[in-house]
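K.L.:
Numbering (this note's numbering), first residue to last: 15 to 52.
Set out below in structure tokens:
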């Protein structure tokens with residue numbers, strides 16, 4: 015089965031930078047690696 019390649023965009027210059035980093039980590043950790051290439 016071919017995996018779908020996805021990207022997670024995060025960071026940026028704002029007061030919420032650290033929140034963005036943690037959110038991105040949580041998303042990447044939750045993605046099914048059997049179905050998706052991150």
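Using N, Cα and C, we set each Cβ at its ideal position, and we do this for glycine too.
Just so it is clear, the structure is predicted and the values come from calculations on it, not from any experiment.
1) Would DSSP call residue 51 helix, strand or coil?
2) Between residue 24 and residue 38, is the Cβ-Cβ spacing less than 8 Å?
3) For residue 16 and residue 47, what's the separation of their Cα atoms in angstroms?
P.N.:
In brief:
1) strand
2) yes
3) 12 Å
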